[in-house]
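Sequential numbering from 0 applies to the sequence shown in numbering that gives the first Met the number 0. Virtual Cβ for every residue (Gly too), placed ideally from N, Cα, C. Here the structure is laid out as structure tokens; the discussion comes afterwards.
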Amino acid sequence: MGAKRGDFCARALLLKANRLLLCVLLASAIAAPSVGVAQEGSEPQRAKPRASHLPIEGELPAARATQWLNSQPLTAADLRGKVILIDFWTYSCVNWRRTLPYVRAWADKYKDHGLVVIGVHTPEFEFEKKVENVRRAAKDMKIDYPIAIDSDRDIWRAFHNDFWPALYFVDSQGRIRHHYWGEGRYEQSERVLQELLAEAGFGGIDHRPVSVHPSGAEAAADLGSLKSPETYVGSEKAQNFASPGGVLGKPVTYVVPARLALNHWALSGVWKVDKQSITLIEANGRIAYRFHARDLNLVMGPASRGTSVRFRVLINGKPPGPSHGSDVDADGNGTAAEQRLYQLIRQQKPITDRQFEIEFLDSGVEVFSFTFG
């Protein structure tokens with residue numbers, strides 16, 4: 000499964016003097032571990048190091064985190080001799096969400112065997128730059144490993160990274176030995192971790208792959224029926240918009256055409272279109288989308304903090320029934336109370352072209368993108 004390509008057009012903000020070193024400390028100060036058996040309550044069990052065939056892709060670049068969650072700022076001393084998995088993520092990205100069950104499982108399985116997982120949160124949308132939103136998302140998604148906040152994309156640029164999700168595998172001497180962009184190849188990634196841990200001399204590892212049972216938005220996509228691409232609705236990246244008319248940044252009344260072609264979408268009601276999003280100005284506005292996929296997700300939320308927006312979902316003009324997603328009921332009713340990804344449709348087979356509609360019963364919703372699975 001492919002990865003979601005990042006946006007390099009966002010302007011970097013001025014760096015603050017008190018930002019914390021992340022990668023430069025790892026690259027310059029992590030020493031190779033000693034070999035031996037750990038005493039109880041001290042270092043993880045060590046075995047004889049085993050040479051690895053993995054190439055050296057380079058040293059970790061210098062970069063800074065703006066803040067840390069789930070951890071005090073990690074120092075070179077904290078990470079010395081450990082194997083590190085760096086996971087670039089942004090919390091509204093469904094591609095990353097589908098990898099999360101594996102990253103969580105690896106963090107838990109290998110935390111006492113020399114692995115440190117660091118989630119680098121690099122935001123795509125403006126609302127993802129708010130640390131309180133990231134903190135809430137991490138709690139909701141049961142992420143308890145350290146998170147480096149990268150709201151200015153300093154770490155992202157230092158890695159020359161271009162995707163969510165992206166994994167970078169770092170050995171006990173602070174060298175990048177492997178990377179993987181996108182979804183899938185989970186057993187291969189876990190074998191890389193095991194190889195680097197063995198190379199570092201960490202023993203006592205169960206070499207069977209982790210077993211996960213994802214649900215909701217974390218379930219793997221149904222690639223055999225996926226014919227709809229991620230679709231942005233803001234003017235900066237919008238494609239296949241079928242409603243006529245419109246002026247950027249001003250309220251406009253839109254109408255849904257009588258028929259939509261596959262992967263085209265349209266608006267009804269009074270909306271304001273901005274570069275990253277669209278905002279409903281008057282209640283009872285609608286969005287229609289002709290799609291072909293098992294799952295339909297929508298990144299959205301109330302434009303004003305502390306408010307909520309009620310909505311109703313239809314598929315081919317009827318309530319979704321058993322095809323409802325995890326964020327709506329069988330009658331298609333739901334409420335958007337925060338800015339995030341909402342799973343609205345999980346279809347029963349057979350999967351065919353269908354028309355999705357969402358009507359917002361309250362004004363003030365801000366919508367960013369459709370994703371499918």
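Answer with buried or exposed for residue i, where buried requires no fewer than 16 other C-beta atoms within 10 angstroms of its C-beta.
| i | result |
| --- | --- |
| asparagine 283 | exposed |
| glycine 320 | exposed |
| isoleucine 357 | buried |
| proline 164 | buried |
| histidine 323 | buried |
| threonine 89 | buried |
| leucine 78 | buried |
| serine 188 | buried |
| alanine 260 | exposed |
| alanine 76 | exposed |
| glycine 268 | buried |
| glutamate 365 | buried |
| glutamate 186 | exposed |
| glycine 40 | Note that glycine 40 scores a pLDDT of 37, beneath 50, so its modelled location is shaky; the value from the coordinates is reported in the next line. Burial call: exposed. |
| leucine 382 | One cannot answer for residue 382 here, as it falls past the ends of the chain, which runs 0 to 372. |
| histidine 120 | buried |
| aspartate 170 | buried |
Just to confirm the assignment, what range does the alpha helix (DSSP H) spanning residue i have?
| i | result |
| --- | --- |
| glutamine 193 | 185-198 |
| arginine 97 | That residue, arginine 97, is in no alpha helix (DSSP H); it is neither H nor E in DSSP. |
For the beta strand (DSSP E) containing residue i, name the first residue and the last one.
| i | result |
| --- | --- |
| lysine 271 | 264-272 |
| alanine 76 | First-last for alanine 76: 75-78, but that is the alpha helix (DSSP H), not the beta strand (DSSP E). |
| phenylalanine 367 | 364-371 |
| glutamate 56 | Segment: none, glutamate 56 is in no beta strand (DSSP E) and carries neither H nor E. |
| phenylalanine 355 | 353-359 |
| valine 251 | 250-253 |
| arginine 304 | No beta strand (DSSP E) holds arginine 304; DSSP gives it neither H nor E. |
| arginine 285 | 284-290 |
According to DSSP, which residues form a beta bridge with residue i?
| i | result |
| --- | --- |
| glutamine 342 | Asn296 |
| aspartate 86 | Gly118 and Leu166 |
| tryptophan 180 | Ala165 |
| isoleucine 314 | Lys317 and Phe355 |
| alanine 395 | This structure cannot speak to residue 395, because the chain is shown only from 0 to 372. |
| alanine 335 | Val308 |
| arginine 174 | Glu58 |
| isoleucine 277 | Val272 and Val366 |
| leucine 247 | Val272 |
| lysine 3 | Trp163 |
| histidine 323 | Ile344 |
Given the structure, does residue i come close to the ligand GTP, in the sense that its CB is under 7 Å from one of the ligand's heavy atoms?
| i | result |
| --- | --- |
| tryptophan 67 | The ligand GTP is not part of the structure shown, which contains no ligands of any sort. |
Looking at the C-beta of residue i, does it have a partner C-beta in chain B at a distance below 8 Å?
| i | result |
| --- | --- |
| proline 60 | Absent from the structure is chain B; it holds one protein chain and no more. |
- Message: For the pair the stretch 339-353 and the stretch 288-297, tell me if three or more CB-CB distances fall below 8 Å.
- Response: yes
- Message: Contact between the stretch 284-292 and the stretch 252-259 is defined here as three or more beta-carbon pairs at a separation below 8 Å; is this criterion met?
- Response: yes
- Message: Closer than 8 Å is the cut-off here; do at least three beta carbon pairs connect the stretch 102-118 with the stretch 80-87?
- Response: yes
- Task: Mind listing, in chain order, the continuous alpha helix (DSSP H) runs of no fewer than 4 residues lying wholly within the stretch 110-164?
- Result: Listed in chain order, the alpha helix (DSSP H) runs fully inside the stretch 110-164 are 130-139 and 153-157, counting runs of at least 4 residues.
- Query: Any chance the stretch 89-104 sits against the stretch 198-215, with 3 or more Cβ pairs inside 8 Å?
  - Reply: yes
- Message: Tell me whether the stretch 322-338 and the stretch 49-58 touch, counting them as touching only if at least three CB pairs, one residue from each stretch, are closer than 8 Å.
- Response: The stretch 322-338 makes no contact with the stretch 49-58: fewer than 3 CB pairs, one atom from each, lie closer than 8 Å.
- If you pair each beta-carbon of the stretch 162-180 with each one of the stretch 65-84, do three or more pairs fall below 8 Å? yes
- With a cut-off of 8 Å, do at least 3 Cβ pairs link the stretch 138-156 to the stretch 63-73? yes
- Query: Just checking, does the stretch 262-278 make contact with the stretch 304-316 on the three C-beta pairs under 8 Å criterion?
  - Reply: no
- Task: Kindly confirm or deny that the stretch 265-274 and the stretch 230-241 touch, where touching means at least three C-beta pairs closer than 8 Å.
- Result: Short answer: they touch.
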